[in-house]
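Line by line, the protein sequences give chains W and E.
Be aware that the first sequence starts at 1171, since it is given in my numbering, and climbs by one per residue.
Be aware that the second sequence starts at 41, since it is given in my numbering, and climbs by one per residue.
Notes to accompany the following structure.
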Amino acid sequence: MAGDIVQITLLSLLVSGTSTLVSTLIAVPVGTYLGLREHGGLRLLRNILFTLYGLPPVLAGLLVLLVLSRGGPLGPLGLLYTPLGMIVAQVVIVTPIILGVTMSVVAATERRIKETAFVLGADRQQLSTTVLRESAAGVLTAVMVGFGRAISEVGAVFIVGGHLEGHTQVLTTTIITDVEQANYPHAVALGVVLLVIAGAVYFLLYRLQERTLP
Amino acid sequence: MTMALDLAGVRKRYGDRDVLQGIGLNVEPGEVFAIVGPSGAGKTTILRCVDFLARPEAGSIRYDGRTASRDLRELLALRRRIGMIDQNPLLFRGSVFYNVTYGLCARGVEGPDLRVRGFRALEAVGLLGLVDARASGLSAGEAQRVAFSRAIVSRPDLLLLDEFTANLDPANVNALEAAVRGYNRETGATVVLVTHNLFQAKRLARRVALLMDGEIVETAPTEKFFESPRDPRTKAFVRGEFAY
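Here you go:
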């Protein structure tokens, strides 16, 4: 039992950690860029993003399944029922969340920060970097929210990963199947592990966030 | 290390309000020029237009006889010749040194040159001892002095000061005014000072302009401005007879 819990936990961390990292790398620069722009099209983009916020994970999983399935556009890559496919599904879910929060945080950054950097001779890129630095606590919150969504997500990874024993089992999907099979002790043990992971990651990010505050 | 500044017919509107109504000013290279006037007259807006933080609806602003280029690189080069300090400076998170050297880092200065220039700029305002202090822990006076050294560290040719000693105690006011005089004397940089403090304008400026309701009422050498102004509104203003 302990052996499979370790393996399931490690895969959960790998899938959720990697998807959060990939989403962060995509969402933070794009969110910063969009947060600094002030034009009419931005409202439409925000509405699209907020719609994607609420994208049901099962629907995201279904979409990724169709794309990765044998007849789908990325079928030849053979990603379906693999951890990599699960990461793709989670990136689809997590990226809009981190992007939306980052965009809101950057847009809400005090106008004077942008003006001060501008007056001090910052070019466009330096200005973005400065705003991001000054909004670091908010951006970390975005990453925390994204990771929270990824580690607790069950629908998409179930559909895309298939919950194959020893291959694509993660904590959430295993808890579901354990409950279905009335294997409650195992489900509770995995639940405790999930709680500890979430708590540890949040604690780490919280400390990081504290350090970024003045 | 200096810059001539010419404004002609500059108009700026915020909402329904004409804040600047055809401003014309000529500031000579190396001059310390003061714009005085009551609150809400448009003084800050002039500086914001000069430093590209606001775009005038009409008129022209010439820097050394030329309007600003539309080429982004040339515009950045021009912006980097201008320094500005406002009434409530915003300091970034981090150390005093990070704040002071921000503009230098933006210009690609690094290594020993960065350190020496940062230390020198802090020395000019008597705050070398706070080089490693957190900017968030500074008093208002110290923060303003850090903001001043941050503005002069990159040796701007044109220094814009917007009520830069408002709400400070006399010791800090003296220190900052001495730093402005020193910078102007040492570099020959042009200084445009916006203030409603007539005594400060008298102490620092070579010429003074009165701005009221978005219009320049009178421009004159400092002594003449205060001793024998032409316009009755200037007379009333310098005598403190204006209720606003």
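Positions of the beta carbon are idealized from the N, C-alpha and C atoms, including for glycine.
What is the DSSP secondary structure of residue i, reduced to helix, strand or coil?
i                      : result
residue 1296 (chain W) : helix
residue 53 (chain E)   : strand
residue 205 (chain E)  : coil
residue 1348 (chain W) : helix
residue 1353 (chain W) : coil
residue 1309 (chain W) : helix
residue 1339 (chain W) : coil
residue 74 (chain E)   : strand
residue 59 (chain E)   : strand
residue 173 (chain E)  : coil
residue 81 (chain E)   : coil
residue 44 (chain E)   : coil
residue 1378 (chain W) : helix
residue 285 (chain E)  : What the structure shows of chain E is the stretch from 41 to 284, and residue 285 (chain E) is not part of that stretch, so it cannot be assessed.
Any idea if residue i is buried or exposed, counting beta-carbon neighbours within 10 angstroms, 16 or more meaning buried?
i                      : result
residue 240 (chain E)  : buried
residue 1177 (chain W) : exposed
residue 210 (chain E)  : exposed
residue 181 (chain E)  : buried
residue 184 (chain E)  : buried
residue 1358 (chain W) : exposed
residue 252 (chain E)  : buried
residue 196 (chain E)  : buried
residue 281 (chain E)  : exposed
residue 1354 (chain W) : exposed
residue 115 (chain E)  : exposed
residue 148 (chain E)  : exposed
Return the residue from the list the options that minimises the CA-CA distance to residue i.
i                      : options                        : result
residue 1276 (chain W) : W:1330, W:1310, W:1377, W:1334 : W:1310
residue 1255 (chain W) : W:1288, W:1376, W:1333         : W:1333
residue 1321 (chain W) : W:1263, W:1285, W:1376, W:1335 : W:1263
residue 296 (chain E)  : W:1253, W:1376, W:1327, W:1285 : Since the first residue shown for chain E is 41 and the last is 284, residue 296 (chain E) is missing from the structure and cannot be characterised.
residue 294 (chain E)  : E:191, E:156, E:176            : The question about residue 294 (chain E) has no answer here: the residues shown for chain E are numbered 41 through 284.
residue 272 (chain E)  : E:258, E:97, E:75              : E:258
residue 64 (chain E)   : E:207, E:268, E:256            : E:256
residue 120 (chain E)  : E:224, E:236, E:264, E:192     : E:192
residue 1246 (chain W) : W:1363, W:1252, W:1238         : W:1238
residue 81 (chain E)   : E:248, E:265, E:62, E:254      : E:254
residue 224 (chain E)  : E:145, E:269, E:164, E:49      : E:164
Might you give, ordered along the chain, the residues of its own chain that have their beta carbon closer than 7 angstroms to the beta carbon of residue i, omitting 5 neighbours on each side?
i                      : result
residue 1372 (chain W) : 1314
residue 1230 (chain W) : 1259, 1262, 1263, 1326
residue 245 (chain E)  : 72, 73, 74, 233, 262
residue 1190 (chain W) : 1264, 1313, 1316, 1317, 1320
Once you ignore the five residues that flank residue i on each side, which residues in its own chain have a CB closer than 8 angstroms to its CB?
i                      : result
residue 172 (chain E)  : 135, 136, 137
residue 1296 (chain W) : 1287
residue 92 (chain E)   : 108, 115, 119
For residue i, I'd like the list of residues in its chain whose CB is within less than 6 angstroms of its CB, leaving aside the five on either flank, ordered along the chain.
i                      : result
residue 1273 (chain W) : 1201, 1204, 1205
residue 201 (chain E)  : 125, 233
With a floor of 4 residues, list each alpha helix (DSSP H) that falls wholly inside the segment 86 to 157 of chain E, ordered by position along the chain. 112 to 119, 136 to 140, 142 to 146
Give, in chain order, every unbroken run of the beta strand (DSSP E) that is at least 3 residues long and sits entirely within the segment 196 to 261 of chain E. 198 to 202, 230 to 235, 247 to 252, 255 to 261
Which runs of the alpha helix (DSSP H) spanning at least 4 residues fall entirely within the segment 1221 to 1263 of chain W, listed in chain order? 1227 to 1238
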